[in-house]
Amino acid sequence: MALLCLCLVMCLFHQTQSQPCNAPPCDLIETVLGSYKKEMRPRCENASNVDVHMEMALRQVVTLSETKQILTSNAWIRLKWNDCRLRWNPAHFNGTDAIHVSYDRIWTPDVTLYDDTASGNNVALSERKFYNLAVTSEGNVSQFFPTILRSICSVDTTYFPFDLQQCPLEFGLWVYDDSMVTLSSTEQGDVASYQENAEWFLTGVSAVTNPNIYTNSVYTTIIYTVNIRRRPLFFLLTLFFPCCLICSISAVGFFLPPASGEKIGLEVTVFLSVTLFQFITLERLPPNSKPLPIICVYFMLVMIWASTSCFLAVVVLRVHLKGQQGWKVPPMVRSIFIDRLGRILCVKRPHKFREYADKHLNKMNPKANGTNAVIPFVSEEAPTSPTEFGAILKSYQKISESLDHLVKHTKDKKPDPDSVDLEYDDWLTVAIILDRLFFLLHVALFLVVLIVFLVELSN
Numbered sequence: 002m003a004l005l006c007l008c009l010v011m012c013l014f015h016q017t018q019s020q021p022c023n024a025p026p027c028d029l030i031e032t033v034l035g036s037y038k039k040e041m042r043p044r045c046e047n048a049s050n051v052d053v054h055m056e057m058a059l060r061q062v063v064t065l066s067e068t069k070q071i072l073t074s075n076a077w078i079r080l081k082w083n084d085c086r087l088r089w090n091p092a093h094f095n096g097t098d099a100i101h102v103s104y105d106r107i108w109t110p111d112v113t114l115y116d117d118t119a120s121g122n123n124v125a126l127s128e129r130k131f132y133n134l135a136v137t138s139e140g141n142v143s144q145f146f147p148t149i150l151r152s153i154c155s156v157d158t159t160y161f162p163f164d165l166q167q168c169p170l171e172f173g174l175w176v177y178d179d180s181m182v183t184l185s186s187t188e189q190g191d192v193a194s195y196q197e198n199a200e201w202f203l204t205g206v207s208a209v210t211n212p213n214i215y216t217n218s219v220y221t222t223i224i225y226t227v228n229i230r231r232r233p234l235f236f237l238l239t240l241f242f243p244c245c246l247i248c249s250i251s252a253v254g255f256f257l258p259p260a261s262g263e264k265i266g267l268e269v270t271v272f273l274s275v276t277l278f279q280f281i282t283l284e285r286l287p288p289n290s291k292p293l294p295i296i297c298v299y300f301m302l303v304m305i306w307a308s309t310s311c312f313l314a315v316v317v318l319r320v321h322l323k324g325q326q327g328w329k330v331p332p333m334v335r336s337i338f339i340d341r342l343g344r345i346l347c348v349k350r351p352h353k354f355r356e357y358a359d360k361h362l363n364k365m366n367p368k369a370n371g372t373n374a375v376i377p378f379v380s381e382e383a384p385t386s387p388t389e390f391g392a393i394l395k396s397y398q399k400i401s402e403s404l405d406h407l408v409k410h411t412k413d414k415k416p417d418p419d420s421v422d423l424e425y426d427d428w429l430t431v432a433i434i435l436d437r438l439f440f441l442l443h444v445a446l447f448l449v450v451l452i453v454f455l456v457e458l459s460n
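For the sequence shown, the numbering used here gives the first residue as 2, with consecutive numbering after it.
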C-alpha cells in the first residue's frame with residue numbers, strides 16, 4: 002500500500018514538472034526573448050544610438066584613506082534605457098505591462114568606473130549581475146542595484162584638519178562610443194538617503210558630462226564629484242590643543258631661576274614632545290602631499306621655537322655662571338640691561354644689595370661701625386722689672402708690624418669679598434632680565450604663529 006502511494010506521488014510530480022508554462026508572464030517571456038540576442042545592442046528605426054540615462058544615489062562615505070588616496074563609498078546605481086526589441090502589446094498577454102528578467106538574458110550597457118581601484122570580484126558595479134532588470138511593454142529597461150565603490154581621490158591636506166576634499170567618480174562606457182550608445186545624467190546626485198559619516202560631512206554631490214576623444218571617437222563620461230568636509234573637533238582636541246599646552250609649558254620654563262638645573266631638561270622634553278606629535282600627524286597624511294600641509298609648517302615652527310628656547314636657556318645659564326667665575330660686569334652691560342631694561346621689564350635687584358649697601362655705609366660711618374682699635378695683649382702677670390716690660394713691648398711691636406704687613410699683602414692679592422658678591426648679584430640680575438626678555442619674545446612669537454595659523458585655516 003505504501004509503495005502504491007509513493008508511485009502515485011511520483012507520477013503527479015512528474016506530470017507537474019513536465020507541464021508547460023501557460024501563465025501570461027511565462028508565455029510573454031518566451032515570446033519576447035525567444036529570438037533575442039543579448040550580444041547585439043538595440044538598433045531601432047527612429048534612433049541610431051541608444052540613450053542610457055544614469056543616476057547615482059550616494060548612500061554613505063565609508064572611509065577616505067589619506068595615505069593611499071582611495072575613497073570607499075556606498076552608492077545606489079540607477080540605469081535606464083529603451084530597447085525596441087522588448088516591446089509587446091499588453092492586451093495580448095492579459096494586460097501584463099511589466100516583467101522582470103535576469104541580468105544575463107538581455108543586452109545591458111557596459112558602464113564602468115574609470116578610476117576603480119578594486120580587483121577580482123570586488124570591482125565596481127560587479128554587483129549588478131545579482132539583480133534583475135525591469136522591462137515595460139514600451140521597451141523601457143531599468144536596473145537599480147547597490148554597489149561599493151573604491152575610487153582614486155587626490156587628497157589635498159593643505160588646510161588639515163579644516164580641509165575640503167573633492168573626490169570625482171567618473172563613469173563611462175568601455176566599448177561603445179557616442180555614435181552607438183550615449184550616456185546622460187542629471188546635474189546633481191541623489192543624497193536623500195545619505196547616512197552621515199563620523200569623520201566627514203557631506204556638502205553635496207554634483208554631476209557633469211565630459212566628452213573624451215579617443216582614436217577619433219567621442220566617449221562621453223559622467224563625473225560625480227563628492228564634496229566632503231572633515232570634522233575637525235577630534236583632531237583639534239588630540240593634536241592641536243596638546244601641542245599648545247606643551248608650548249605653554251615651554252614658555253613657563255623661563256620663570257625657573259637661572260641657577261636651576263632643570264631649565265634645559267624641561268626645554269629638551271618639550272622639543273621631544275612636539276617632535277612626537279609631528280610624527281603622529283604625518284602618519285595620517287599622504288607622504289607626498291603637495292602643497293605642504295599648514296599644520297606641518299606649524300609643527301616645524303613650534304619645533305624651531307622649542308629648540309630656540311633650549312639655546313636661550315643655555316645662554317642664560319652661561320651669563321649666570323659668569324658671576325661665580327669672578328667675571329666683572331662691563332659698564333655698558335650694566336647700563337643697558339640693569340639700568341634700562343631692568344626698569345622697562347620691572348626687574349629689581351635682589352635684597353642682598355640692600356645689605357651690602359648698608360654694610361658699606363657702616364664702614365664709612367665710624368659711629369655706626371664702632372671703634373676697631375687694636376687691643377694689645379696683656380698678660381695676667383705683670384712684669385717684674387722695667388727691663389722685662391720693655392722686651393715684651395718690643396716683641397709685641399714686631400708681631401704687630403708683621404701682621405699689618407701680612408694683611409696688606411693679602412688685600413693686594415685677594416679681592417674684596419663684598420665686591421665679589423656685588424658682581425655675582427649683577428650677573429644674576431642680568432640673567433633674570435634676559436629670562437624676562439626671552440619670555441616676552443617667545444610669547445609674542447608664539448601668538449603671532451598661532452594667529453597666522455588660525456587665519457590661514459579659516460580661509
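All residues carry an ideal CB built from backbone N, CA and C; glycine is no exception. No experiment lies behind these values; they were computed from the predicted model shown.
Apart from the five residues just before and just after residue i, which ones in its own chain have a Cβ nearer than 7 Å to its Cβ?
i: D164; result: D157, T158, R231
i: K38; result: none
i: K323; result: W428
i: R106; result: L34, K39
i: E200; result: R231, R232
Quick test of your reading: residue i and residue j, contact by CB under 8 Å. State the CB separation rounded to the nearest angstrom.
i: A314; j: G254; result: 7 Å
i: G173; j: Y220; result: 6 Å
i: V450; j: Y299; result: 7 Å
i: R335; j: D426; result: With 8 Å as the limit, R335 and D426 do not qualify as a contact, their Cβ atoms being about 12 Å apart.
i: E268; j: S251; result: 6 Å
i: L29; j: F94; result: 5 Å
i: S152; j: L59; result: Not quite, the Cβ-Cβ distance comes to about 12 Å (not below 8 Å), so this is no contact.
i: A99; j: V136; result: 7 Å
i: L170; j: V124; result: Not quite, the Cβ-Cβ distance comes to about 14 Å (not below 8 Å), so this is no contact.
Using DSSP's beta-bridge definition, name the partner residues of residue i.
i: E171; result: I224
i: V206; result: V227
i: H101; result: A135
i: D52; result: T183
i: A74; result: For the sequence presented, residue 74 should be read as Ser rather than Ala. Beta-bridge pairing links S74 to V62, L150.
i: T113; result: G173
i: P212; result: T221
i: S143; result: K81, A135
i: M41; result: Per DSSP, none; premise fails for M41.
i: L165; result: R230
i: Q398; result: Looking at the DSSP assignment, Q398 forms no beta bridge with any residue, so it has no partner.
i: Q196; result: Q61
i: D191; result: A58
i: R86; result: For R86, which the question treats as bridged, DSSP gives no partner whatsoever.
i: W201; result: R231
Is it buried or exposed for residue i, if we count other Cβ within 10 angstroms and need 16 for buried?
i: D432; result: In the sequence on display, residue 432 carries Ala and not Asp. When all chains shown are included, A432 counts as buried.
i: Q398; result: exposed
i: I400; result: exposed
i: C244; result: buried
i: Y177; result: buried
i: M55; result: buried
i: V103; result: It is Ser, not Val, that sits at residue 103 in the sequence shown. Answer is exposed; the Cβ neighbour count stays below 16.
i: I214; result: exposed
i: K264; result: buried
i: C347; result: exposed
i: T32; result: exposed
i: S218; result: exposed
i: Q189; result: exposed
i: H101; result: exposed
i: A392; result: exposed
i: T148; result: buried
i: M301; result: exposed
i: V456; result: exposed
i: A445; result: exposed
i: I452; result: exposed
Within a Cβ cutoff of 6 Å, which residues of the same chain sit near residue i, ignoring the five residues on either side of it in sequence?
i: S380; result: In this prediction, S380 has a pLDDT of 47, which is less than 50 and means its spatial position is unreliable; nothing more can be read from the coordinates.
i: W175; result: D111, T113
i: S186; result: M55, A208, I223
i: F440; result: F255
i: Q20; result: Here the model assigns Q20 a pLDDT of 42, short of 50, so the residue's position is not dependable, and the following value carries that caveat. Excluding residues within five positions, none has a Cβ falling inside 6 Å.
Suppose the cutoff is 8 Å on Cβ atoms and the five residues either side in sequence are ignored; what does the same chain contact list for residue i look like?
i: L438; result: L342, L346
i: N366; result: With a pLDDT of 49 at N366, under the threshold of 50, the modelled position of this residue cannot be trusted; read the value that follows with caution. Correct list: empty, nothing qualifies.
i: V320; result: P259, W428, V431, A432, L435
i: R42; result: V51, W108, Y177, M181, V182
Is the region 107 to 127 in contact with the region 75 to 94, if contact means three or more CB pairs nearer than 8 Å?
The region 107 to 127 makes contact with the region 75 to 94; the number of CB pairs closer than 8 Å reaches 3 or more.
Does the contact criterion of 3 or more C-beta pairs under 8 Å hold for the region 63 to 73 versus the region 86 to 104?
By the Cβ criterion, the region 63 to 73 is not in contact with the region 86 to 104, since fewer than three pairs of Cβ atoms, one from each stretch, lie closer than 8 Å.
Segment contact, 8 Å Cβ cut-off, at least three pairs: the region 298 to 309 with the region 166 to 186:
Not touching, per the Cβ criterion.
Are the region 334 to 348 and the region 428 to 446 touching, with three or more C-beta to C-beta distances below 8 Å?
Yes, the region 334 to 348 is in contact with the region 428 to 446.
Counting pairs of beta carbons, one from the region 115 to 130 and one from the region 188 to 204, are three or more of them closer than 8 Å?
Output reads no: the region 188 to 204 does not touch the region 115 to 130.
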